[in-house]
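**Q** There's a structure below that I have some questions on.
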Amino acid sequence: MPWSRHIAVAAAGFISLVLQSVLLRELLTASSGNELDIGITLAIWLLSVGAGSFTGERVSARWAFGASFILLSAIAVPTLWAIPHVLEALGVVSGETVSLKNTFQLTLIVLLPACFVVGLQFPLAVAAFREEVAQDGQGVQDGYVSLVYGLEALGAFAGGLVFAFVISGRLMPEVTVAGIGVLAAITGAVLLGRKELFAACLLPLAAFAALIWTAPYEWMGGEIITRAQSRYSEILVTKREGQYNFISSGKPAFSYPDSETVEMAVHLPMALHPNPYRVLNV
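Numbering-wise, this note's numbering puts 80 at position 80 of the sequence shown, and it's gapless, one number per residue.
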């Protein structure tokens with residue numbers, strides 16, 4: 001049995017876990033840090049993957065497993081690109097608290113295509129291994145099912161380690177998803193055994209370039225100064241009329257200088273003092 005299939009199944013688990021982690025963080029940011037989105041994302045992810053697995057069990061084409069990687073590479077970056085645009089289509093403006101209804105709609109629209117393809121891969125991988133076992137003359141066996149499951153779980157475990165200790169806090173989500181798309185394209189081309197399909201690597205790279213080119217330069221009317229990833233959230237710094245605003249996971253954290261807060265802190269002690277010419281405020 002070709003080792004490329006073993007590596008491809010592990011790659012499927014790796015890609016799925018990293019993609020899920022990135023999209024969960026971005027959806028959490030888009031929903032203004034609403035923790036309910038974590039449960040909504042997990043529920044929709046599982047339902048969509050289940051629908052994909054149900055469909056994949058009924059696909060018998062030999063090339064389907066490899067083609068699923070090519071398809072995933074084509075939609076990975078557009079899935080990330082869709083998050084702010086779906087919010088805009090739902091009528092949500094920057095800084096507005098996203099309602100539970102809009103959060104559900106956003107998560108469903110964004111996750112369904114990618115999760116459906118991810119769900120296709122497990123039954124397609126099992127079918128590919130079943131065919132190899134039959135060709136080797138080993139008869140019908142059940143061991144390959146547990147082998148596929150174990151390889152996918154191993155890849156997901158590796159993806160979790162890489163995301164937690166390498167990607168998180170270091171790479172922007174656009175770079176991560178583009179890299180995942182390239183990995184998926186390479187895996188699909190190797191499985192299908194066609195060199196010309198390596199050109200599919202250009203799909204996520206082109207989508208990445210378009211995503212960067214169309215990235216907004218403003219957020220809530222303020223110029224975007226910098227955008228960074230920490231281990232815990234996305235941090236955005238904007239500047240408007242000389243004031244710097246720090247946004248964490250889509251929610252305003254603090255601003256500097258904040259004259260209103262300073263004035264209030266000074267006004268109250270001054271109002272309490274009978275002769276407020278000089279007041280020491282500690």
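Just so you know, even glycine gets a beta-carbon here, dropped at the ideal spot from N, CA and C.
Straight-line CA distance for residue 31 to residue 172?
**A** Cα-Cα distance, rounded: 19 Å.
**Q** With burial defined as no fewer than 16 other Cβ atoms inside 10 Å of the residue's Cβ, what is the status of residue 180: buried or exposed?
**A** It counts as buried.
**Q** Specify, as a first and last residue, the run of the alpha helix (DSSP H) that residue 9 falls within.
**A** Its alpha helix (DSSP H) spans residues 3–30.
**Q** Can you tell me the Cβ-Cβ gap for residue 231 and residue 168, rounded? I've got them flagged as a contact below 8 Å.
**A** About 5 Å separates the two Cβ atoms, so the contact holds.
**Q** May I ask which residues mark the beginning and end of the beta strand (DSSP E) holding residue 226?
**A** Residue 226 -> beta strand (DSSP E) spans 222–229.
**Q** Which same chain residues, not among the five before or five after residue 29, have their C-beta less than 6 Å away from its C-beta?
**A** Cβ neighbours of residue 29 beyond the five flanking positions: 234, 249 and 250.
**Q** Work out the CA separation of residue 49 and residue 24 for me, nearest whole Å.
**A** Straight-line Cα distance between these residues: approximately 15 Å.
**Q** What is the rounded straight-line gap between the Cα of residue 188 and the Cα of residue 89?
**A** Computed Cα separation, rounded: 33 Å.
**Q** CB-CB under 6 Å to residue 120, same chain, minus the five flanking residues each way: which ones, in chain order?
**A** Excluding sequence neighbours, residue 120 sits near 52, 56 and 68.
**Q** If you run the structure through DSSP and keep just helix, strand and coil, what is residue 51?
**A** Here residue 51 sits in helix by DSSP.
**Q** What are the start and end residues of the beta strand (DSSP E) that includes residue 236?
**A** Counting along the chain, the beta strand (DSSP E) containing residue 236 begins and ends at 234–240.
**Q** Measure how close the beta-carbons of residue 9 and residue 155 come, nearest whole angstrom, since I'm counting them as under 8 Å.
**A** The pair is a contact, with the Cβ atoms about 7 Å apart (cut-off 8 Å).
**Q** Check whether the Cβ atoms of residue 38 and residue 108 lie closer than 8 Å to each other.
**A** Contact flag unset, no.
**Q** Specify the secondary structure class of residue 102 as computed by DSSP and reduced to three states.
**A** Helix at residue 102.
**Q** On the DSSP letters alone, give me the boundaries of the beta strand (DSSP E) that residue 253 sits inside.
**A** 251–256 is the span of the beta strand (DSSP E), which, as asked, contains residue 253.
**Q** If you count every other CB in all the chains shown that lies within 10 Å of the CB of residue 174, and 16 or more means buried, which is it?
**A** So residue 174 ends up on the buried side.
**Q** Is residue 144 helix, strand or coil when you go by DSSP?
**A** Of the three classes helix, strand and coil, the one that applies to residue 144 here is helix, per DSSP.
**Q** Report the three-state DSSP secondary structure of residue 149 (helix, strand or coil).
**A** Helix at residue 149.
**Q** In whole angstroms, give me the CA-to-CA distance for residue 275 and residue 36.
**A** Each residue's Cα considered, the two are about 51 Å apart.
**Q** When you compare the CB positions of residue 86 and residue 71, do they come within less than 8 Å of one another, or not?
**A** No; because the gap between Cβ atoms is not below 8 Å, this pair is not in contact.
**Q** Roughly how many angstroms separate the alpha carbons of residue 150 and residue 40, rounded to a whole number?
**A** Going from the Cα of residue 150 to the Cα of residue 40 covers about 27 Å.
**Q** From 79, 20, 18 and 6, pick the residue whose C-alpha is nearest to that of residue 204; which is it?
**A** It is 79 whose Cα lies nearest to the Cα of residue 204.
**Q** Nearest to residue 116 by CA position, among 185, 272, 58 and 46, is which residue?
**A** Among 185, 272, 58 and 46, the Cα nearest to that of residue 116 belongs to 46.
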